[in-house]
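Notes to accompany the following structure.
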Amino acid sequence: MPIKIIEGLPVKTKLQQEQVYTIETSRAISQDIRPLKILILNLMPLKETTELQLLRLLGNSPLQIDIEFLHMSTHQSKNTPTSYLQKFYKTHEEVKDDYFDGMIVTGAPVEKFEFDQVGYINELRAITDWAATHVFSRFYICWGAQFALNHYYNIEKIALTEKLFGVFDYQNVKPEHPYIRGFDDIYQVPQSRHTRIDYTALNDIPDLEILTSNSQLGPDIITSKNQRDIYIFGHLEYDRETLKKEYDRDIESMQDVDIPVNYYPNDNPSENPKFQWRSHGHLLFNNWLNETYQNTLYDLTKLHELK
1 MPIKIIEGLP VKTKLQQEQV YTIETSRAIS QDIRPLKILI LNLMPLKETT
51 ELQLLRLLGN SPLQIDIEFL HMSTHQSKNT PTSYLQKFYK THEEVKDDYF
101 DGMIVTGAPV EKFEFDQVGY INELRAITDW AATHVFSRFY ICWGAQFALN
151 HYYNIEKIAL TEKLFGVFDY QNVKPEHPYI RGFDDIYQVP QSRHTRIDYT
201 ALNDIPDLEI LTSNSQLGPD IITSKNQRDI YIFGHLEYDR ETLKKEYDRD
251 IESMQDVDIP VNYYPNDNPS ENPKFQWRSH GHLLFNNWLN ETYQNTLYDL
301 TKLHELK
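In terms of the UniProt record's numbering, the sequence shown has 226 at position 226, counting the first letter as 1, and numbering is strictly consecutive.
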């Protein structure tokens, strides 16, 4: 089944070229189907790039999905025109009376700041609190996951001595868990971050469960015991060239940056990067959508009754 998107969304053409099925609102409303309502809080500067990465994963599902994009009203985007946000995105004020089956919160290039130094942090906290009674399942990525774990559980963010940059092996430690159903024993995931959580604090929080981990780097995927919140520190949504573009950008700006680990064949940036995580990205997002579909409420207005 297709993903429902707003009329005129620019990435639709690219999605169609990749044979990702989409449907516009005018056609979707004629179908007698209760779609999954998914809200995407896009905190990344390059909105269209992140839209495409997420929609190609969400669109590879037998479910009809109704997508809404959310942006921060207290932040002035430097990379996306206001007219684009006004046309294709909504604010929290505009959706606060709505209910959703799922919400994705992306990463953001603000990890070097303390949480309280982020200009839109109060709005983000308000959205996170609102989601507890208006969204059935929440999916937090990279800095979004670090923020949410700090917000919910006071888990601290710790600066790394060197940027974690490349493609790394993680072990599937809970193969029976529905979110990682079908994962290999070892899978690879892109990482691009300067910080990590204090994962020793996880030992004191019985509500959290580590699904995948690396003995040196710590966990990659964590979930709440009730499975309504999932936190991932890597970027299974990345396409083949995302790390390459980041590396090239840093080189052009004369930054001292290492070649991404286990990314280029023979560590040669002139060669085509290896795309080693694509299948697990599709698995994770499809598993999340399936579990959300199986467990969400038909009447989302009753979410406040759940614990």
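Each residue gets a CB set at the ideal place from its N, CA and C atoms; glycine is no exception. Remember, it's a predicted structure, so these values are computed and weren't measured experimentally.
On a CA-only basis, which of the options is nearest residue i? Give me that one, please.
i: Asp66; options: Gly102, Thr80 and Gln53; result: Gly102
i: Tyr89; options: Leu41, Tyr170, Phe233 and Ile232; result: Leu41
i: Leu217; options: Asp207, Thr223 and Arg193; result: Arg193
i: Ile197; options: Asp299, Phe115 and Lys12; result: Phe115
i: Lys96; options: Thr82, Tyr263, Val135 and Thr106; result: Val135
i: Asp267; options: Met44, Gly166 and Thr82; result: Gly166
i: His282; options: Glu48, Thr301, Leu55 and Lys225; result: Leu55
i: Gly119; options: Ser137, Met72, Thr82 and Pro81; result: Met72
i: Asn172; options: Gln188, Ala131 and Leu160; result: Gln188
i: Ser137; options: Val105, Trp143 and Lys112; result: Val105
i: Trp277; options: Thr50, Gln16, Leu57 and Glu7; result: Leu57
i: Pro260; options: Pro81, Glu241 and Thr91; result: Glu241
i: Gln16; options: Arg34, Glu94, Gly59 and Leu160; result: Gly59
i: Asn290; options: Asp184, Pro178 and Leu243; result: Pro178
Can you say whether residue i is buried or exposed, counting buried as having 16 or more other CB atoms within 10 angstroms of its CB?
i: Ser61; result: buried
i: Thr200; result: exposed
i: Lys245; result: exposed
i: Tyr238; result: buried
i: Asp229; result: buried
i: Asp220; result: buried
i: Ile158; result: exposed
i: Lys4; result: buried
i: Ala145; result: buried
i: Gly8; result: exposed
i: Met44; result: buried
i: Val11; result: buried
From the DSSP output, read off the bridge partner residues of residue i.
i: Ile221; result: Thr212 and Ile232
i: residue 313; result: Since the first residue shown for the chain is 1 and the last is 307, residue 313 is missing from the structure and cannot be characterised.
i: Gly102; result: Ile38 and Ser137
i: Leu70; result: Leu41 and Lys90
i: Ile158; result: Arg196
i: Asn172; result: Thr212
If residue i sits next to residue j, beta carbons under 8 Å apart, how far is it from one beta carbon to the other, in whole angstroms?
i: Leu211; j: Lys174; result: 5 Å
i: Tyr231; j: Tyr153; result: Incorrect: roughly 10 Å between the Cβ atoms, too far for contact.
i: Ile180; j: Asn286; result: 11 Å between Cβ atoms; not a contact.
i: Asn214; j: Tyr170; result: 5 Å
i: Leu39; j: Leu70; result: 6 Å
i: Leu124; j: Phe100; result: That pair is no contact at about 16 Å.
i: Ser224; j: Asp250; result: 35 Å between Cβ atoms; not a contact.
Whole alpha helix (DSSP H) elements within the region 232 to 274, 4-residue minimum: List check, alpha helix (DSSP H) in window: 242 to 252.
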